[in-house]
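Visitor: Numbering (the working numbering), first residue to last: 17 to 117.
Quick reminder that beta carbons are idealized off the backbone N, C-alpha and C, glycines included.
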């Protein structure tokens, strides 16, 4: 049950990142522009801090689509090594043959 909630939480973060991407990029550009006055740059930093924490792309983490496991993740398959092994043993992945595992 907890694993499914982590998958849903990650999906929610992805939606927030997509929603606020343009706003964050605009504020970061203002905040890092040395030609602008210090007050304007500081105001942009404050506005950036007011955005939801989960709208930052650095908060995203690759997770297995089946189990929610964050480690040992195969990007091409979008599943963890444990889920890959289980699916391979059951013959559910085309072309994958069980070796000596």
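What does residue 120 pair with, by DSSP beta-bridge criteria?
Guide: Nothing can be reported for residue 120: it is not among the residues displayed for the chain, which extend from 17 to 117.
Visitor: For residue 39, which residues from the same chain have a beta carbon less than 6 Å from its beta carbon, with the 5 sequence-adjacent residues on both sides left out?
Guide: Same-chain partners within the cutoff: there are none.
Visitor: Leaving out five residues before and five after residue 94 in sequence, what residues of the same chain have Cβ atoms less than 6 Å from its Cβ?
Guide: 81.
Visitor: On the CB-based measure, 16 or more other CB atoms within 10 Å of its CB, does residue 76 come out buried or exposed?
Guide: Classification of residue 76: exposed, given that the 10 Å Cβ count is below 16.
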